[in-house]
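There are 2 protein chains.
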Amino acid sequence: MPAVTVVENILGANDRLAAENRKRLDAAGIYAVNIMASPGAGKTSVILQTIKGLGEDLRLGVIEGDTASVTIDSDKVLAAGMPAVQINTGGACHLDAVMIRSALDELPLDRLDLIIVENVGNLVCPAAFKLGTHANILIASIPEGDDKPYKYPGIYRGLDVLIINKMDLLPHVRFDREYFRRGVEALNPGLTTFALSCETGEGCGPWVEWIKHRVRGSHPDRRE
Amino acid sequence: MPAVTVVENILGANDRLAAENRKRLDAAGIYAVNIMASPGAGKTSVILQTIKGLGEDLRLGVIEGDTASVTIDSDKVLAAGMPAVQINTGGACHLDAVMIRSALDELPLDRLDLIIVENVGNLVCPAAFKLGTHANILIASIPEGDDKPYKYPGIYRGLDVLIINKMDLLPHVRFDREYFRRGVEALNPGLTTFALSCETGEGCGPWVEWIKHRVRGSHPDRRE
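Going line by line, the protein sequences match chains A and B.
Position 107 (the first sequence) corresponds to 97 in my numbering; numbering is contiguous.
Position 208 (the second sequence) corresponds to 198 in my numbering; numbering is contiguous.
Laid out in structure tokens, this is it:
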């Protein structure tokens, strides 16, 4: 079987499982997001700021993807008082729908409003594998540089939200915001974007409001 | 065929091609390094500092791996006066030995002493694919955080050299050098490490001396 066919079959099977995950989430009235980023862009920090911002308003569960059996990130989420499931991809560079299905089995779905999936730190393959979540979110970070939309167009094309993290480092690095913005706009016009710093907390409010609004939209009974 | 067998066959075929690339490099008297890193850690900046540091001493060629058909990095290398070949991986998240074989066909091997391969920005899959180069080099960067050796152990285990870049950002971010060092030491004891800043140029000298020494070691006629 040619390699291209094998890849198409794998992605097709993954898409079908992703659709099943979505049905299961919808049936449970859960809104779910897939957070992607380079290693070290601040995925876990954004999740911790989100937990803080949500307060008691919404019940959150977290699925943590890692390539090794370390629990650094899931321990932080558990310490923040949230149910977390760790997925060890066994060296694979992305999460897929099968892994999410197993993780959903371990979360108390009937007691959650929102699930945040933290994908493996990688700007390439996570973009190709649907998980069944409702929104794809990328965290870009200022010190990574302003050329990333040009170099990793695939991930930017499929986004619903872009978070630009580490805004506090802007005075200390070369980062042309206009060049970055033009790159994003060419791939994904009008993309919803939040610029923030998890270190100072500045700018986190609008992002937390966005996700609260989305979760309430998928739970008409919880709408304010 | 079970998926594991397919992966083993792919890696086995890659290893054989990598061995052929190595023979070809050795026959031409060329020392070659494989530079890996997260997106935005500074692979191209380190290459540009290396070009500057080498001056007229050694003849360098660069192979630039990118997932899309952008020439941002190879243009910078060409602008620095060096022969560069761009590899578009067509969306794949790593380089492999076949891609390097094609790139070697396009470089003037009889007129080079050193080849630097810039892998795709990714801490996972590049570690699994041998290219035929003589040394694996990882660029870690300060703003990525001090927990990366714990989260991406595979890539640290196979390294010959670690470069810690963006040392100028150390005063502006939380980075526990001792925690980072312990993580590296557990995976790769005694690993040769250079801490530097491509922004200020500080610390680049010892790295350039290391690579000069290595190249001369593989060219007895050029030894000082």
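We put the beta carbon where it would ideally sit given N, CA and C, even for glycine.
C-alpha distance - G80(A) paired with G45(B), whole-angstrom precision
About 43 Å.
Going along chain B in order, which residues have a C-beta closer than 9 Å to the C-beta of A218(A)?
Because residue 218(A) is not part of the residues shown, which for chain A are -9 to 214, the question remains open.
Compute the beta-carbon to beta-carbon distance between A8(B) and L104(B), rounded to the nearest angstrom, for a pair I have assumed lies under 8 Å.
Actually they do not touch by this definition, with Cβ atoms about 18 Å apart.
Give the straight-line distance between the Cα atoms of A125(A) and L99(B), rounded to the nearest whole angstrom.
Straight across, the Cα-Cα distance linking A125(A) with L99(B) is about 48 Å.
Can you tell me where the beta strand (DSSP E) with I53(B) in it begins and where it stops?
Unbroken beta strand (DSSP E) run through I53(B): 50 to 56.
Cβ shell of R6(A) (< 7 Å), same chain only, five flanking positions each side left out
Correct list: empty, nothing qualifies.
As a quick exercise: from V107(A), V163(A), R147(A), pick the residue whose alpha carbon is nearest that of H84(A).
Considering only alpha carbons, the answer is V107(A).
Tell me the start and end of each unbroken alpha helix (DSSP H) in the region 113 to 147 of chain A that is at least 4 residues and wholly inside, in chain order.
Here the runs fully enclosed are 138 to 141, 143 to 147.
Which residues of chain A have a Cβ atom closer than 7 Å to the Cβ of E134(B), listed in chain order?
In chain order: P29, G30.
Check whether the Cβ of G173(B) sits closer than 8 Å to any heavy atom of the ligand SAH, and report yes or no.
What this structure holds is no ligand at all, so the ligand SAH is not there to describe.
Taking 8 Å as the cut-off, does the region 45 to 63 of chain B touch the region 192 to 204 of chain A (at least 3 CB pairs, one atom from each stretch)?
Proximity of the region 192 to 204 of chain A to the region 45 to 63 of chain B falls short of the contact definition, fewer than three beta-carbon pairs being nearer than 8 Å.
Report all residues from its chain with a CB closer than 6 Å to the CB of M(-9)(B); omit the five preceding and five following residues, and keep chain order.
Unreliable placement is indicated for M(-9)(B), whose pLDDT of 45 sits below 50; no coordinate value is reported for it.
For A82(A), decide whether its Cβ has a neighbour in chain B, counting only Cβ atoms nearer than 9 Å.
At least one chain B Cβ lies under 9 Å of A82(A).
Would you verify that the beta carbon of K13(B) is, or is not, closer than 9 Å to some beta carbon of chain C?
Absent from the structure is chain C; the protein chains it does hold are A and B.
Quick one: does D158(A) have its CB under 9 Å from some CB of chain B?
Against chain B, the CB of D158(A) has a partner CB under 9 Å away; the residue lies at that interface.
Look at the alpha carbon of A69(B) and the alpha carbon of Y140(A), and state the distance between them as a whole number of angstroms.
Inter-residue distance for A69(B) and Y140(A) is about 19 Å (C-alpha atoms, whole angstroms).
Buried or exposed: where does P133(B) fall if 16 or more other Cβ atoms within 10 Å of its Cβ makes it buried?
By the neighbour-count rule (16 or more Cβ atoms within 10 Å), P133(B) is buried.
Please check if any C-beta of chain A sits within less than 9 Å of the C-beta of E189(B).
Interface residue, yes.
Return helix, strand or coil for V75(B), following the three-state DSSP convention.
The answer is strand: DSSP assigns V75(B) an E or B state.
Alpha carbon to alpha carbon, how far is V151(A) from D166(A)? Give it in angstroms, no decimals.
As the crow flies, the alpha-carbon of D166(A) is around 20 Å from that of V151(A).
According to DSSP, is V222(B) part of a helix, a strand, or is it coil?
This structure cannot speak to residue 222(B), because chain B is shown only from -9 to 214.
CB contact check: S208(A) to chain B, cutoff 9 Å:
Residue contact check for S208(A) against chain B: no CB pair falls below 9 Å.
What residues from the region 100 to 114 of chain A come within 8 Å of chain B, judged by C-beta to C-beta, listed N to C?
For the region 100 to 114 of chain A, which is checked against every Cβ of chain B, the residues closer than 8 Å are V110, G111, N112, L113, V114.
Label A22(A) either buried or exposed according to how many other C-beta atoms from any shown protein chain fall within 10 Å of its C-beta, with 16 as the threshold for buried.
Label assigned to A22(A): buried.
Looking at the structure shown, is F165(A) part of a helix, part of a strand, or coil, going by DSSP?
Looking at F165(A) - three-state DSSP - the assignment turns out to be coil, as it is neither helix nor strand.
Report yes if the CB atom of V114(A) is closer than 9 Å to the CB atom of N112(B), and no otherwise.
For the 9 Å CB-CB criterion, V114(A) and N112(B) form a contact.
Could you name the residues of the same chain whose beta carbon sits closer than 8 Å to that of R101(A), not counting the 5 residues immediately before and after it, in chain order?
Counting only residues of its own chain and dropping the five nearest sequence neighbours on each side, R101(A) has a CB closer than 8 Å to the CB of R49.
Is DSSP giving A27(A) helix, strand or coil here?
Residue state, collapsed to three classes: strand.
Short CB-CB distance (under 9 Å) between A8(B) and chain A:
Cβ-Cβ to chain A under 9 Å: no for A8(B).
Report yes or no: is there a C-beta of chain A within less than 9 Å of the C-beta of I37(B)?
Not one chain A Cβ lies under 9 Å of I37(B).
Within 9 Å (strictly less), CB to CB, does I62(A) reach chain B?
With respect to chain B, the C-beta atom of I62(A) has a partner C-beta closer than 9 Å.
Distance between N78(B) and D47(B) (C-alpha atoms, nearest Å)
So the alpha carbons of these two residues sit roughly 30 Å apart.
Candidates L149(A), V163(A), P116(A), R206(A), of which the one nearest F184(A) by Cα
Comparing Cα positions, the closest option is L149(A).
To which residues does DSSP link T182(A) through a beta bridge?
For T182(A), which the question treats as bridged, DSSP gives the partners V151(A).
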